[in-house]
Amino acid sequence: MKSLVKKYGAPLYVYEARVIKDRYQKLAKNLNHPRLRIHYAVKANSNLEILRYLRKLGAGAETVSLGEVLISLKAGFKPKDIIYTCSNITKEELETLNKRKIRVNLDSLNQIKMWGELAPGTSISFRVNQGIGAGNHHHFITGGPESKFGIDVRQINKALALAKKYKLTVNGIQQHIGSGILNENKKIFIEAMMALLHTARRFPDLEFIDFGGGIGIPYRPNEKPLDLNRLGRSVVKILKEFEAVYGRKLNFVFEPGRYLIAEAGTLLVTVTDIKINPSKVFIGVNSGFNHLIRPAMYDSYHEIVNLSRQGGKKIKASIVGNICESADFFAKDRPIPLPKIGDALAILNAGAYGFSMSSNYNLRPRPAEVLIEANRARLIRRREKVETIIKN
Ligand code: LLP
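Going by my numbering, the sequence shown opens with residue 29, and the numbers climb by one from there.
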């Protein structure tokens, strides 16, 4: 990893293909149902090469913007392999999705009306809010009474009436209750699945049911990964029982983002300054929340390793970036051996919602990205140049 900093410079995002492959195959093996498909949530990391890699592994794509649809098509996903989840989208966007034959999950009564006017007599699916949400930060909860997402389950009759009015066939229902689900939330995840399957019985023409994403990863040393084997067994049993009750075979979808890519990614940064104040130590690096906003935005924990030196007496230090805001930190009061200026630090588990949430705040360019495949590193995004940012 350290040699990559030498070759490509820092800050640098590095992804390991073998980890992506391992997670994809583990998930596919445990969610062992013949008609179940994993659609990768593109928002977690939308690098073209990462998408190509996941497509080759067998994944479909789950998208939330025209940009994500277009890059998925560019990565070789066929329209039938792409799912689109709406949130407050315009009629123009719906029109484009219809033209491109992308599978759309409508999110509100108003959207059903828009779609009905646009494409009467077609098949369409609904995102449902069952009143159940979960996640390891309040911002990650995307179901329940406080959530803006989905058609409220108490308004299903209205949704069905609108579908009837426009002769729409509802061929799918979807939900996504939240993100970062580990073992402690497994029960809620299963409960939400059962609730969606219960609602599914009110839809006679279903071809698929989509349970969203949400599988968490252990960011903190004391966190345990979700027991996928047990989860998988419960899921498969529930799905088989449901098919027997529904009386027809269906397709099932899961839309994980984080689980497939978070642990494959590392953000490499260089120490640029060390400030030893009487009451606090700050380790400054050549990156910031413009490259990885999760700590600033959600107080998220990312393990940080010094690649240039190991061991040494630990001190408590905050690892901070070069952005002019106090929220610009990667770690607060973290026990770490005092580094030296020029050391390379690795910020771990940064593959999901890292680069994809990055920005040019403070007019700073975004990092390059590298993919390691079969022990060979390959540049999959060039480092941004200040000139390119200011040109626009
Ligand atoms: N499907 C839908 C409709 C979603 O909204 C999301 C994530 C996913 C699937 C994938 O969820 P995952 O498997 O990655 O948990 N920025 C936050 C996470 C926000 C997730 C938004 N929706 C973070 O940095 O942790």
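We put the CB at the ideal spot given by N, CA and C, even for glycine. Owing to the predicted nature of the structure, the values given are computational and were not obtained by experimental measurement.
Work out the CA separation of residue j and residue i for me, nearest whole Å.
i: PHE105; j: GLN203; result: 22 Å
i: LEU188; j: ARG80; result: 37 Å
i: GLY149; j: HIS226; result: 26 Å
i: ARG182; j: LEU391; result: 46 Å
i: LYS108; j: LYS214; result: 30 Å
i: LEU399; j: SER336; result: 21 Å
i: ILE140; j: GLY200; result: 13 Å
i: TYR112; j: LEU267; result: 23 Å
i: LYS195; j: LEU32; result: 57 Å
i: SER175; j: ASP135; result: 12 Å
i: ILE209; j: LEU288; result: 14 Å
i: TYR52; j: ASN133; result: 24 Å
i: PRO137; j: ARG248; result: Per the sequence shown, residue 137 should be read as Leu rather than Pro. So the two alpha carbons sit approximately 40 Å from each other.
i: MET325; j: LYS360; result: 14 Å
i: GLU397; j: GLU96; result: 18 Å
i: MET29; j: ARG406; result: 13 Å
i: HIS165; j: SER93; result: 24 Å
Can the beta-carbon of residue i be found less than 7 Å from the beta-carbon of residue j?
i: ARG83; j: ASN279; result: no
i: SER346; j: PRO39; result: no
i: PRO323; j: LYS342; result: no
i: LEU254; j: ASN318; result: no
i: ALA87; j: ILE110; result: no
i: ALA372; j: THR298; result: yes
i: VAL414; j: PRO393; result: yes
i: ARG128; j: VAL281; result: no
i: VAL313; j: GLY349; result: yes
i: GLY423; j: ALA72; result: The structure shown does not extend to residue 423, since the chain is modelled only from 29 through 420, so no value can be given for it.
i: MET221; j: PHE239; result: yes
i: TYR23; j: ALA374; result: Absent from the structure is residue 23, since the part of the chain shown begins at 29 and ends at 420.
i: LEU320; j: GLY382; result: yes
i: ASN58; j: LEU256; result: yes
i: ALA69; j: GLN158; result: no
i: LYS265; j: GLU271; result: no
My output table needs one value for residue i: the three-state DSSP class, helix, strand or coil.
i: PRO232; result: coil
i: ALA396; result: strand
i: THR227; result: helix
i: GLY208; result: coil
i: PRO284; result: coil
i: TYR247; result: coil
i: ASP50; result: helix
i: SER346; result: strand
i: GLN202; result: strand
i: SER384; result: helix
i: ASP361; result: strand
Sorry if obvious, but does the Cβ on residue i come closer than 6 Å to a heavy atom of the ligand COA?
i: THR113; result: No copy of the ligand COA occurs in the structure displayed; its ligands are the ligand LLP alone.
Among the options, which residue has its Cα nearest to the Cα of residue i?
i: MET142; options: ASN157, GLN158, LEU125; result: LEU125
i: LYS344; options: PRO323, LEU335, PRO367; result: PRO367
i: VAL198; options: LEU234, ILE216, ASN388, MET222; result: LEU234
i: SER74; options: VAL333, MET385, ILE400, ILE418; result: MET385
i: ARG404; options: VAL33, LEU40, LYS34, ALA45; result: ALA45
i: ILE160; options: GLY242, LEU288, GLY172; result: GLY172
i: PRO232; options: ARG248, PRO363, SER93, TYR274; result: TYR274
i: ILE311; options: GLU174, THR300, SER136; result: THR300
i: GLY178; options: GLY206, TYR194, LEU32, LYS195; result: GLY206
i: GLU401; options: LYS71, GLU77, ARG276; result: GLU77
i: VAL47; options: GLY379, GLU412, ILE408; result: GLY379
i: PHE217; options: ILE169, LEU190, TYR247; result: ILE169
i: ASN425; options: GLU121, GLU412, SER328; result: There is no way to answer for residue 425, as the model of the chain reaches only from 29 to 420.
i: GLY260; options: GLY37, ALA56, MET29, LYS49; result: ALA56
i: ILE152; options: TYR36, ASN420, LEU190; result: LEU190
i: ASN185; options: GLU219, ARG230, ASN334; result: ARG230
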